Structures are given as C-alpha cells and as structure tokens.
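Novice: Before I ask anything, here is the structure I am working with.
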Amino acid sequence: MNKDQLIKIARAIVAKGKGILAADESSGTIKRRFDAIGVESTENNRRDYREMLFRTTSAMKNQISGVILFDETIRQNAKDGKPLVQLISESGSLPGIKVDKGTKPLPFCPGEVITEGLDGLGERLDEYRKLGAVFAKWRAVIDIDNGIPSYTALNTNAHALARYAALCQEHDIVPIVEPEVLMDGGHDIDRCYAITEWVLKTVFSDLYYQRVMLEGMVLKPNMVISGKKAEKRAGPDEVADKTLRVLKNCVPPAVSGIAFLSGGQSDEEATVHLNLINQMGPLPWPVTFSYGRALQHEPQTVWAGKAENVAAAQRAFAHRARMNGLAAQGQWKHDLEKAA
Ligand code: 5MM
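The sequence shown: position 135 = 138 (my numbering), numbered continuously.
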C-alpha cells in the first residue's frame, strides 16, 4: 500500500471549493432518470449525456475534483474516440469507479438490503486502476421505518463497507465510504439523527477493526434531515446544526474529508445545507459535496436528449457546480441563484 499516494488523492478529492460529481448511476437508475426526460436509455445516449457533462470545461476544471463512474462508462470512448477517462483527467479531475454490485434483500430482515460485491473485488480493483481509476465508491443503504433498521442490517452493511475500504487501500485506491441513511420515510429529524449516529459509530468501529487508514479515505454520508413524507420538516439551520453535531460526535479528525450525498434533496436545498454547515467552521475536516441528483437534475432536464440543448445543459451544470463550489467554502448566496 502506498500510503502517501492514498493520502494525496484523498486530499485532492476534498480540495478547497471542489467536490465530486456522482455519475455512477447503474443501468436501472439511469433508465429511470432518462424515462423522466423522455430519452431512451441506449449505450450511445448514456455516453452522449455523460460526455456532455465531462466536456463542461469550467466546472470540471474549477469545481469537480473527481467523477464517480459506472463500469460501462469507465470503458467508453467519447464520440471522437477519446476515452472518457482521459477526458476527465485532461480537465484536471480524478476518475473514480463505483465497485459495489448493488443491493439484495437481506435474509431474515424484511424490508432491508445488503450491498454486494466483495467477491473478486481485489482483482476488479486492479483492473479499474489500470483503466485509470484512482478512487472507488461503495454505497450501503439503510432505511428507516417501523422497527428498522435492525441491528443485523446495520452491522452487516457496516462490515461490508469496512472490508471494501481495506481492499481498496491494499490495492492503492482511495475508498469513498458511503453509508446512506435514506430520507424516504415519514420520520422526523431526530430519528434520522439517532440512526445516523448509530450507523457512523458502527462504520468507524468496523473501519478500525479492518485496519483502514482514515487519512486515506473520504466519508460520503447523508445529512441529518427529516424524512420526505414527514408532517413537519426541519428547516435549514436545524439540518446544518444536527448534521454537524452528529459528524463531530462520530467522525475522527484524521479522516481526510467529508463529501455529502444529496439523497433526494432539491438542488438548492443541497446547496443551502452545505453552505450553512461550512459557515459553522472551523471544522475538523474539509466538508464538500458528492452529489448525483443535486448536480445533474437541472442539466438533465434542460438536455432532454437533444443535441441543440447541449450548450444550455452545460451552462446549467456549470452553474450548479459553481454554486456548490461556493457552498463548500461557506460563500454561497441566494442572490447568485437569482442572477443566473
Ligand atoms: C448517482 O447515483 C449513484 C448510483 O446509484 P445506483 O447504484 O442506485 O444506481 C448513488 O450511489 C450516488 O452516488 C449517491 O447516492 C449520491 O447520489 P445523490 O443523488 O444521492 O446525491
């Protein structure tokens, strides 16, 4: 394991004013996104869409430190034949790869899932490194509902995350550790706080037992937020306050950085929350974004699969990237959204 190199990459991922573009939608997810904008999910359409994002020069150069790719994308070439990975590297951003194989129902735990993909992971990491990836991502999914999450689901998922992280470091790839507590239910913010705390405590205990070097990883957590169907949803100040409190209680300062997922928040909500959290500094770690939907929703909608919309969609992507780059420094202002 090349410790210095791992630390260098982990720090570059969370460099000041920069964050991650999560473009690692698996086949089912990208199909759902394309269905919503009336675009057929073919290999070429997926390539065209992602190429459009990776060719948004200002965003890729100034705000996007790294891009998480799906297996198909890391092997794809742009229309002119250049590998998409090369396009990303040439813009100054780092290519990363989703290495989990998605979720399956967890035996004897109704309504709960386990993320799979540990078998043969070492060999896959070696191949991805040869294809250009310098970091990886694994997402564990924890749902909140009556009687769940269970001890079984939480511990099994945390163990898998820690095993993945250790394998990544052994193969000189920086692990992004993503334990996502979903915001789908009707729970209130305090339930989200309690479950997020339990998840993070368990994950960091397992990372310790798997001997993961905290300086050579990045945490990708959910924010502490009310469920989407909650009767009364907590406001931005409460979200920022409780998110930072749980992180300070659970995440050692040795961790190189924290890059939030957006988890179904609106584009602007995700920016506002990130901005408020950064305004509550000084913080023990750099805190930034690793957004999928909150970076792509607007450009995707504007693009709608039409070549004549590419320039406008790139402007929309550049704008969201710039807003989140500012939020990662606590410098975002609502007026900037209006001006755009
Ligand atoms: C981009 O979405 C990622 C892949 O999801 P699937 O495996 O379900 O297709 C997802 O892991 C994403 O990286 C994170 O959830 C963060 O994305 P959001 O949209 O929550 O910011």
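Don't be surprised by glycine CBs; every beta carbon is placed ideally from N, CA and C.
Given the structure is predicted, the values throughout are model-derived calculations rather than measurements.
1. What are the start and end residues of the beta strand (DSSP E) that includes D293?
2. Would you say G295 touches the ligand 5MM, meaning its beta carbon is less than 6 Å from a heavy atom?
3. Secondary structure at N5, three-state DSSP: helix, strand or coil?
4. Taking 6 Å as the cut-off, is the C-beta of G266 nearer than that to any heavy atom in the ligand ADP?
5. Whether or not the region 72-84 and the region 45-54 are in contact is what I'm after, with contact meaning three or more pairs of Cβ atoms, one per stretch, closer than 8 Å; do they touch?
6. With DSSP run on the structure shown, which of helix, strand or coil describes I33?
7. Here's a check: name, in chain order, each residue in its chain whose Cβ is nearer than 8 Å to the Cβ of E173, leaving out the five neighbours to either side.
8. Which class does L24 belong to by DSSP, given the choice of helix, strand or coil?
9. May I ask you to check if the CB of D27 is nearer than 6 Å to at least one heavy atom of the ligand 5MM?
10. With a threshold of 16 other CB atoms inside 10 Å of the CB of H337, please say whether the residue is buried or exposed.
11. In chain order, what residues of the same chain have a beta carbon less than 8 Å from the beta carbon of K251, not counting five sequence neighbours either side?
12. Any contact between the region 302-311 and the region 271-284? By contact I mean 3 or more CB pairs, one from each, below 8 Å.
13. Just to confirm, does T32 get its C-beta within under 6 Å of one of the non-hydrogen atoms of the ligand 5MM?
14. Tell me which residues share the same chain as E115 and place their Cβ nearer than 7 Å to its Cβ, disregarding the 5 neighbours each side in the sequence.
15. Once the 5 residues before and after A15 are set aside, which same chain residues still bring their CB inside 7 Å of it?
16. May I have the straight-line CA-CA distance separating G230 from Q332, to the nearest angstrom?
17. List the residues that DSSP assigns as beta-bridge partners of D148.
18. Given that a residue counts as buried once 16 or more other Cβ atoms are within 10 Å of its Cβ, and exposed if not, what is R35?
19. Output yes or no for whether 7 Å exceeds the beta carbon distance between G219 and A13.
20. Using only alpha-carbon positions, find the residue among R214, C112, H276, P256 that is nearest to A243.
21. Would you say V206 and L170 are within 7 Å of each other, going by their C-beta atoms?
22. Quick check: does the Cβ of R142 come within less than 6 Å of any heavy atom belonging to the ligand 5MM?
23. Pick out whichever of W335, R323, T304, F320 has its Cα sitting closest to the Cα of A39.
24. Tell me, to the nearest whole angstrom, how far the beta carbon of S92 is from that of G135; I am working on the premise that it is less than 8 Å.
25. Under 7 Å, do L9 and V177 count as touching if we go by C-beta distance?
26. Comparing alpha-carbon positions, which option in K133, V102, R132 lies nearest D122?
27. Which class does F73 belong to by DSSP, given the choice of helix, strand or coil?
28. Would you please state the rounded distance, in angstroms, between the beta carbons of A62 and F320? I believe it to be under 8 Å.
29. Would you decide whether P285 is buried or exposed? Buried here means 16 or more other CB atoms lie within 10 Å of its CB.
30. Using 7 Å as the threshold, is the C-beta distance between V184 and N225 below it?
31. Near N281, what residues of its chain come up, given a Cβ to Cβ distance below 7 Å and the 5 sequence neighbours on each side ignored?
32. Mapping DSSP to helix, strand and coil, what is V221?
33. If we ignore side chains and look at the alpha-carbon of each, how far apart do D51 and P302 end up?
34. Less than 8 Å between C-beta atoms, sequence neighbours within five positions excluded: which residues of the same chain meet that for F111?
35. Which same chain residues end up closer than 6 Å to K104 when comparing Cβ atoms and leaving out the 5 residues on each side of it in sequence?
36. Span of the alpha helix (DSSP H) holding T388?
Specialist: The structure says:
1. The amino acid occupying residue 293 in the given sequence is Ser; Asp does not appear at that position. Taken as a continuous stretch (DSSP letters only), the beta strand (DSSP E) holding S293 covers 290-294.
2. Answer for G295: yes, Cβ within range of the ligand 5MM.
3. Correct three-state label for N5: coil.
4. As presented, the structure is devoid of the ligand ADP, carrying the ligand 5MM as its sole ligands.
5. Enough Cβ pairs lie closer than 8 Å, so yes.
6. I33 falls in the helix class under three-state DSSP.
7. Shown here for E173: same chain residues with a beta carbon closer than 8 Å to its own, the five before and five after excluded, namely M4, G125 in chain order.
8. Strand at L24.
9. Within the cutoff, so yes.
10. Exposed: under 16 other Cβ atoms inside 10 Å.
11. These residues qualify, in order along the chain: P287.
12. The region 302-311 is not in contact with the region 271-284.
13. T32: yes, Cβ under 6 Å from the ligand 5MM.
14. Setting aside the 5 residues that flank it on each side, E115 is surrounded in the same chain by L109, D146, I151, P152, S153, A156, each with a C-beta closer than 7 Å to its C-beta; the list follows chain order.
15. Excluding its 5 nearest sequence neighbours in each direction, A15 has C-beta neighbours in its own chain below 7 Å: S68, L97, listed in chain order.
16. Looking at the two C-alpha atoms, the distance is approximately 27 Å.
17. Note: D148 sits in a beta bridge opposite I151.
18. By the 10 Å Cβ count, R35 comes out exposed.
19. Yes. Within cutoff.
20. It is H276 whose Cα lies nearest to the Cα of A243.
21. No, the Cβ-Cβ distance between V206 and L170 is not below 7 Å.
22. R142 Cβ: within cutoff of the ligand 5MM.
23. When each option's Cα is compared against that of A39, the closest is T304.
24. Beta-carbon to beta-carbon, S92 and G135 are separated by about 7 Å, close enough to satisfy the 8 Å threshold.
25. Taking 7 Å as the Cβ cut-off, L9 and V177 qualify as a contacting pair.
26. Checked all of K133, V102, R132; the closest Cα to D122 is V102.
27. Of the three classes helix, strand and coil, the one that applies to F73 here is coil, per DSSP.
28. Contact holds; Cβ gap of about 6 Å.
29. With fewer than 16 neighbouring CB atoms inside 10 Å of its own CB, P285 falls in the exposed class.
30. Yes, they are a contact pair.
31. Excluding positions up to five away in sequence, the list reads V290, A330, A331, Q332, G333.
32. Strand.
33. In this structure, the alpha-carbon of D51 lies about 13 Å from that of P302.
34. Cβ within range, chain order: T155.
35. Cβ within range, chain order: E119, G120.
36. Because the chain in this structure spans residues 4 to 343, residue 388 falls outside the shown range and cannot be described.
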